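*Asks:*
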Amino acid sequence: MASLSDEIFDVIGELILMKEESKEDEEHVRGLEKTLIEYLDENKIILDSQHFEAIRHLNIDRLIESQLKIIDNCIEENNKLIEAMKVCPGEDCPCSCHSLTNKKTNN
-13 MASLSDEIFD
-3 VIGELILMKE
7 ESKEDEEHVR
17 GLEKTLIEYL
27 DENKIILDSQ
37 HFEAIRHLNI
47 DRLIESQLKI
57 IDNCIEENNK
67 LIEAMKVCPG
77 EDCPCSCHSL
87 TNKKTNN
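Under the working numbering, read the sequence shown as residues -13 to 93, first letter to last.
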């Protein structure tokens, strides 16, 4: 899972300010929302609770749905890995499930 860059914090901050202070530039706000959602989706980023709470009050249903989708995909990937490891005889097995586990724990 990727980490948040400073650039995305800028987008989140600008989105919050635009949404709260100005109803005039709705197209710009929609663009910021789209940019944020695309960035989070492409990088499979799940916002931590502090950032999620900061933007939750903005009522961006698409963002909430996007975050749920990313979380569901992570859960599904982990479940597949668990199932693969259940049938795998051990680390000397030619399958890659143990190397996937090592990669996940090293990140």
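The beta-carbon is built from N, C-alpha and C at its ideal position, and this holds for glycine as well. For clarity, every value in this text was computed on a predicted model and none was experimentally measured.
Helix, strand or coil for D58? Go by DSSP, reduced to three states.
*Replies:* In this structure, D58 counts as helix in the three-state DSSP scheme.
*Asks:* Of the residues I2, I68, I57 and C74, which one's Cα is nearest the Cα of L33?
*Replies:* Ranking the options by Cα distance to L33, first place goes to I57.
*Asks:* Rounding to the nearest angstrom, what Cα-Cα distance links L67 and C60 in this structure?
*Replies:* Distance between the alpha carbons of L67 and C60 is about 11 Å.
*Asks:* Using the beta-carbon count (16 or more within 10 Å), is L22 buried or exposed?
*Replies:* With 16 or more other Cβ atoms within 10 Å, it is buried.
*Asks:* Is the beta carbon of I31 sitting closer than 8 Å to the one on L1?
*Replies:* Cβ distance not < 8 Å, so I31 and L1 don't count as in contact.
*Asks:* Does the beta-carbon of V73 have 16 or more other beta-carbons within 10 angstroms, so that it is buried, or is it exposed?
*Replies:* With fewer than 16 other Cβ atoms within 10 Å, it is exposed.
*Asks:* Could you give the distance in angstroms between the alpha-carbon of L3 and the alpha-carbon of N64?
*Replies:* Distance between the alpha carbons of L3 and N64: 37 Å.
*Asks:* I need the DSSP call for K66, collapsed to helix, strand or coil.
*Replies:* If DSSP states are grouped into helix, strand and coil, K66 belongs with the helices.
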